Structure formats: structure tokens, C-alpha cells
Amino acid sequence: MTDVILNHFINDENYRSPMGAVPATTALTLRLDVNKSAEEIKSVRIYYAYGLKDFFPGFIPMECDWADKNTSSFKKTVHMDDVAGLFFYWFEVRLQDERYRWCFPDPDSTNLKGITLTDSLHFSLSGKEEIPGFQVTVYEPDFKTPDWMKGAVVYQIFPDRFNRGENFEKKLIEPYLRYPERIWHDNWQDDVDIEGREPIGYEACDFFGGTLQGIKEKLPYIASFGVDCIYLNPIFQSRSNHRYDTGDYFKIDPLLGTEDDFRELCAAAEKYNISLLLDGVFSHTGADSKYFNKYGRYDSIGAWQEKTENKVSCFTSWYKFAGAEGSTVPAAKIDGHRKLIYESWWGHTNLPNVRETELSYKNFICGEDGVLAYWLKAGACGYRLDVSDEIPDPFLRTLRSRVKAEKEDAYIVGEVWDLPSSQISYDAHRDFVFGRTHDATTNYPAREAVFSWLLNYDDAKKIRDKFNYYQLIMPREVLYAMLNPLGSHDTERVVNVLSGASTPAKRIDQKRYKLSRRERELGQARLVLALLLQVAFPGAALLYYGDERALEGFKDPFNRRTYPWQQKEPELTDIFRSILKLRHEHAVLRTGEAEMSAVSADVLQIRRYLNAPETETGEWTDAFGQPAAGEKELFVLCNRSESESDPLDILGGKSLAAMSGALVLGADIKYFKA
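Numbering-wise (the numbering used here), the sequence shown opens with residue 1 and increments by one.
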């Protein structure tokens, strides 16, 4: 008896049309091929689960479209719901001999094609678990992300470590250095602290004195990379150097400057066509803040004062103290005022969690005169949302409404480490890419895919399949606005990762570690290829300050060292300029269609192209159907091998040098190599 084989491909419009994510109410046509004659098949059904927070099941009979003695092809059009969400589907085939077969996504194909199973998969429809069907992302029909961010170049700055400025005077900030936990580095070239002060120890409270004025002075340098947007790590008054422990949402940290300095920075950046993206930290505040005020450093009555001094605070309802309704901290842990327990971010007591859905807090952040509106009016172009997957969807929806009402083309990007279209956190699928919350998220999955290929963990076919899958499950408006990082303040320095160096177990050894000459050469060679792929991918290319000089360092705090302005600019920095500026030299790299192919295990090719006119008088269009000027097509190639490639037709029969890349525009070829 011949085995039953079921065929379905989500990247073939003969099997799924239209392919990719679709707007609500779309008519989706699905096809399944069975290697049996129609007479041998009793029924074929599409089973589905649709929803987001909760999922609703159903099934639809399919109809035979055509058949011969060896194959039967079944087809059915399904109308998506008018509410955006996720539509998962799979197939059931019942044969005349009462055998059943099921078709689910094949993980070995990165879910691009089906696999035939003799038993159905079992799963929950609660929304708390992954549903193993073929995924269709259904988004709001009017979902629009900022055009200026599609294909942009973004430069990320950790403010304390970037530049002090020519007129920096320590005496002006000395009053803010008096707190006992703070450590000051007079020498800009000092290494970062890892010990802190006794008796507490390390608290990320050592400072080098980077300022907003210092950033302003370096705008010509930043603009030389073709940068469209500067993303600033938090700049509001805080206790620590990273400033994710907000003390006052309406005040620039005095160590960085003033509100006037911020407004001047925005105005100066605008002259270079550069926007300023702020880091919004809304899942927690600092314990040392005017809202919590654990150390009594603010003149406000904070939540801490209400709990310890029997005063009344307007902020207490923002927090989750032990025993309070909705708190995950057991009341039994309270020991009078000597041990006041409250819910905090991942157990860090200097970061008390807030109740984002508490009305007064929600209005404080998202109201007409709230934090979001205030800084947008001051010149910000949008927000990167810290730990976005830990913020409730209702708050995120309100946040989007306020931001877009204030500035329609403002950009909202969430810190999300997984694929955002099917992200599950806190026992629910999240509302991240459907048009109700974010414009996009941080694309760490793409980063990991690139690194896995460059480090020889995956071959080119694997990264090709991952890339194709990303394209098929993401709305285009999101895909082209995704923030694609190579490095960030939360990851090891990219040259360390790509060098293949292992992270020492002890922090003191991490601090002392210097890449060997071989490791550094290897890391820099792969870094150039990673950058070229980053520019070739759809989405915004994120450059973390110092990566253009291949700064070394493992994770926090070693990825947050000062920028080495005192050192001569290396050749690598100019290679970065030439690659990043491709985004402005070739518009097709910003909004053109994209497809990836595997030339060999070691050679990747990305084709960016425009859509040909449908009529003789029509215009060439980009991925969004908009008329587009410039080149109609170009290719980017990367060879990860330490040996030259085989001869390539696209290079006129020439080989691609070891660990190098190329941009091919007709007969014009530009080569890139560290």
C-alpha cells in the first residue's frame, strides 16, 4: 500500500493565495495535494483556530479541484474574520478505507511546507500555548507604519558613554555626584566599574559624564554614516548610569544636561535630517524616584512614605505591595516596616513594578498632558518601549492612540526578543504586529539567524528558509520598519560574538579579556558581512555606538564602555560608512521587494527589486505598490568561507574572495572586505 503524502507550501501562491500576512476580511484560498485518486478519498477538511487572547476552533470541507489516477488536488477559499488576529490551520484527510492523515507545518522546513502525520497533534486553544498549525497573520486594514522609518539607518547611543562635549565642566554636576553609591571617572579612558561601593556592591552607578551637548557636537560624525535616526537609551533623571530606573519622567537627568539641551539637540539633528527616538520605560520606575521615593531624596510624598510613615501619597496605587489586591508577593513576607515587600522587575528591588492599567498611572503616561505627549512636543520622533512584552496590551493600545494623535508619523518600536507575530508572554498571545500597538519590534531573531550562518552553525539554505518565513508571517508595514540590530546595550559586542570567543565565567576575567589578533581579524571580517546583510534585509539597520570601531566587550557592563575618541579612526569605520550609505544611494534597498537564495552553503544572495509595470505606460513600484525611481534591481552577495567561492555567473565568472561581500548593479560591482 502506497504511503499517503499530503503537500502544502505557504511560500507557493498555488497553495496559498495571497501569500504572507493579510488584512482582515481577506479571502484566502488554500490548496492541498494528496497522492491518491479522488475515488480513494472520503473527505478533506481544513481545521482552524482563530483569535489572539482566546482561540475559536472550526473546520471547513474542501472541494476537489482536479484529480488524476495518482493525485487529487483540493481547494477552498476561507474568508478571514473582520477582527485582526492569528489564523492557524491544518488539514485532515479521511480515506475510504477509514485511515486518517493530517498535514501540519514541518519544523525541518522552518514551517514553509507541510509534513504528513498519522496522528493529529494535540494542543490547547487557551492562547497560552503555541498552536502548531500554518500561521496566517491577519492585521488591521488601515495599519500604517512611518514611511521615513522603512529602510532607515539608526544609530544607538548609551548617553553616559558617548561624549562629554568640549565645554564640559565637572563642577556643574558635582552636586549630583554626592550620593554615596555613585562613582565618578575623571579619566574618560577608564574601564567600567564592576564592584560598586560597600556594603551594597555593584549597582551600575559609575559615571563618565557623557552629555546631550556632547552628542550634539558629534552630529556631523553621526550623519557621515547616512543616519536617519538616533535612538537614545533613557535620558530622564535616574539613580543609575543606564537610567532604566526612572526618577522623574519630566526631567532630563542633570548629568546629561537640561530640557533646553534636549530641544536644541532635536533642532540641530533636524538640520541633518536626523530624528531622535527616546527610550520609554513604563513597566517600572526607580525605587529612587519622586513616585516611590524609597530613599527620601525627592520632596514628594511617595508610595514608600505612605507605607512607612503613615502619610497619604497619590502614587501608592501605582505599585504592588505585598498583600495588596493583584500583587504576586505574599503578605506573609511582610515584617512590619523593617521589611516592606513590593513587586519589582525580575526581583530587582530598585525597580518597583507599576500597575500599567491603573487609571491615574495610565493617564500620567498616556494622557493629553502626559509623558508621551510632552516629549513628542519637545522634539522626539517616537519611542522604543523597554520590556514591551511585559506591558499589558490594553496599555499598549492606549499608548499607540496617544502617540499617533500627537504625531501621526511617530515611530513606536517594542523591545521583543522573539518573533513578534506569534509572541506568547504571561500566558497569552500578544497584540504586537496587528496595527493596534507597535509599529515594529526589535528584530533579534534576524540577528540570531545571521550570526548562526556566519558562525557556521547553519548553512545558507537554513537562513534562506528563516528569512522567507519571516517575510510570510509579518505584515509588510511591520517587516520594513523592524529595528534590525547587530549589537545593542543588552548584547555582547558584536565583534566578540563573531570572533567565536567564549565568555569567561567570572566578571573580572570578562573585564580583562582582549581578543587575540586572530579572533579580532575573524570577528571584523564577519562583522562587515553582517553589516552588509543587515543593509540588504528589509527593515531599519541599527548601529550601536562603537561597533563601527569594533569595540570589544561581553555583556553589561562591558558592552557599555566609552567611545574611544582619543584613538585614530580605523579603516573599518570607513567601510561601515560606505555600506550604510548604500541605503541612501539605492532606494531599492529601503522599500524594494526582497528575496534570498542560497548559492552554496557558504554563499548567500539577496535580490532587491522593483515590480514591473502592469501596462506599457505604468510605473515601476516598490513593495508597497508605490511608484519608485532609481535602479530596478540589485544583488548583495556574501561569502562566509575562509576560502574563495566557486566562480559565479553573476560576477562574470569570477570568484568571490574569502570572507567578503559584493553589491552587484548590472555590470557595476562593489566589493566589501575587512
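Each residue gets a CB set at the ideal place from its N, CA and C atoms; glycine is no exception. Here the structure is a predicted model, which means the values were calculated and not measured.
Please classify Val93 as buried or exposed, where buried requires at least 16 neighbouring CB atoms within 10 angstroms. Under this definition Val93 is a buried residue.
Could you work out which residue in Val599, Leu340 and Asp193 is closest to Thr308 when comparing CA atoms only? Nearest option by C-alpha distance: Leu340.
Put Asp335 into one of helix, strand or coil per three-state DSSP. Here the model assigns Asp335 a pLDDT of 46, short of 50, so the residue's position is not dependable, and the following value carries that caveat. Here Asp335 sits in strand by DSSP.
On the DSSP bridge list, what partners appear for Ile46? In the DSSP assignment, the residues bridged to Ile46 are Ile60 and Phe91.
Are Ala536 and Ile650 touching if we call contact CB-CB under 8 Å? Contact flag unset, no.
Between the Cα of Asn111 and those of Glu203, Phe467 and Ile508, spot the shortest distance and give me the residue it belongs to. The residue with the shortest Cα to Cα distance from Asn111 is Phe467.
Taking the straight line between their C-alpha atoms, what separation do you get for Trp90 and Cys64? One C-alpha to the other measures close to 17 Å.
Look at the Cβ atom of Val4, then the Cβ atom of Lys42, and state whether they are nearer than 8 Å. With contacts defined by Cβ atoms closer than 8 Å, Val4 and Lys42 do not form a contacting pair.
The alpha helix (DSSP H) enclosing Glu595, as first and last residue numbers: Premise fails: Glu595 lies in the beta strand (DSSP E), Glu593 to Ala598, not in any alpha helix (DSSP H).
Presumed contact (8 Å Cβ cut-off) between Ala481 and Asp439, rounded CB distance: Contact between Ala481 and Asp439 holds: their C-beta atoms lie close to 5 Å from each other, under 8 Å.
Beta carbon of Leu515 nearer than 8 Å to that of Ala501: Between Leu515 and Ala501, the CB-CB gap stays under 8 Å.
Coil, strand or helix - Trp66 by DSSP: It is a strand residue.
Residue nearest to Glu368 in terms of C-alpha spacing, selected from Arg561, Ala380 and Leu399: Of Arg561, Ala380 and Leu399, the residue nearest in Cα terms is Leu399.
Put Ser73 into one of helix, strand or coil per three-state DSSP. It is a strand residue.
By alpha-carbon positions, which one of Ser283, Val34 and Ala373 ends up nearest to Glu343? Among Ser283, Val34 and Ala373, the Cα nearest to that of Glu343 belongs to Ser283.
What distance in whole Å lies between the Cβ atoms of Pro234 and Val192, which are believed to be in contact at a cut-off of 8 Å? Contact between Val192 and Pro234 is ruled out by a C-beta separation of about 18 Å, above the 8 Å threshold.
Under 8 Å: do the segment 212-223 and the segment 265-280 share three or more Cβ pairs, one atom per stretch? Verdict: yes, contact present.
With a Cβ-Cβ cutoff of 8 Å, do Leu532 and Gly661 count as a contact? Against a cut-off of 8 Å, the Cβ pair of Gly661 and Leu532 comes out as a contact.
Taking the C-alpha atoms as reference points, what is the distance between Tyr295 and Glu306? If I take the Cα positions, the gap works out to 13 Å.
Would you list the one or two residues that DSSP bridges to Pro627? Looking at the DSSP assignment, Pro627 forms a beta bridge with Thr621.
Quick check on the DSSP output: the beta strand (DSSP E) that includes Tyr231 runs from which residue to which? Counted as a single uninterrupted DSSP element, the beta strand (DSSP E) harbouring Tyr231 occupies residues Cys229 to Leu232.
By a C-beta neighbour count over all protein chains shown, 10 Å radius and 16 as the cutoff for buried, is Gly653 buried or exposed? Counting Cβ neighbours within 10 Å, Gly653 comes out exposed, since fewer than 16 surround it.
Mind the definition here: the segment 123-138 touches the segment 11-24 only if three or more C-beta pairs lie below 8 Å; say whether that holds. Segments in contact, yes.
At least 3 beta-carbon pairs within less than 8 Å: the segment 247-254 vs the segment 119-135: A contact is defined here as three or more CB-CB pairs under 8 Å, and the segment 247-254 fails this definition with respect to the segment 119-135.
Alpha carbon to alpha carbon, how far is Leu32 from Lys75? Give it in angstroms, no decimals. Approximately 7 Å between the Cα atoms of the pair.
Spatial neighbours of Glu548 within its chain, please: CB distance less than 6 Å, with the 5 preceding and 5 following residues excluded, ordered by chain position. Shown here for Glu548: same chain residues with a beta carbon closer than 6 Å to its own, the five before and five after excluded, namely Thr573 and Phe576 in chain order.
Please say whether Leu604 and Leu634 have beta carbons closer to each other than 8 Å? The answer is no: Cβ separation not under 8 Å.
Cutting at 8 Å between CB atoms, please list the residues of its own chain near Thr26, excluding the five before and the five after it. Counting only residues of its own chain and dropping the five nearest sequence neighbours on each side, Thr26 has a CB closer than 8 Å to the CB of Pro18, His79, Met80 and Val138.
If the criterion is Cβ atoms closer than 8 Å, does the pair Leu255 and Phe207 meet it? The beta carbons of Leu255 and Phe207 sit closer together than 8 Å.
With C-beta atoms as the reference, is Val403 less than 8 Å away from Tyr426? No, the Cβ-Cβ distance between Val403 and Tyr426 is not below 8 Å.
Within 10 angstroms of its Cβ, does Ala674 collect 16 or more other Cβ (buried), or is it exposed? Buried, since its Cβ has 16 or more Cβ neighbours within 10 Å.
How far does the beta strand (DSSP E) with Val676 in it reach, from first residue to last? Only positions 1 to 674 of the chain appear in the structure, and residue 676 is not among them; the question remains open.
Can you give me the C-alpha to C-alpha distance between Thr441 and Val416, rounded to a whole angstrom? Between the C-alpha atoms of Thr441 and Val416 there is a straight-line separation of about 6 Å.
Taking 7 Å as the limit between beta carbons, can you name the residues of its chain near Asp253, skipping five residues before and five after? Result list for Asp253: Ile235, Phe236, Gln237, Ser238 and Arg243, in chain order.
Looking at the secondary structure, which residues open and close the beta strand (DSSP E) in which Ser660 lies? Per DSSP, the continuous beta strand (DSSP E) segment holding Ser660 begins and ends at Ser660 to Leu665.
Would you kindly report the start and end of the unbroken alpha helix (DSSP H) that includes Phe236? That residue, Phe236, is in no alpha helix (DSSP H); its beta strand (DSSP E) goes Phe236 to Ser238.
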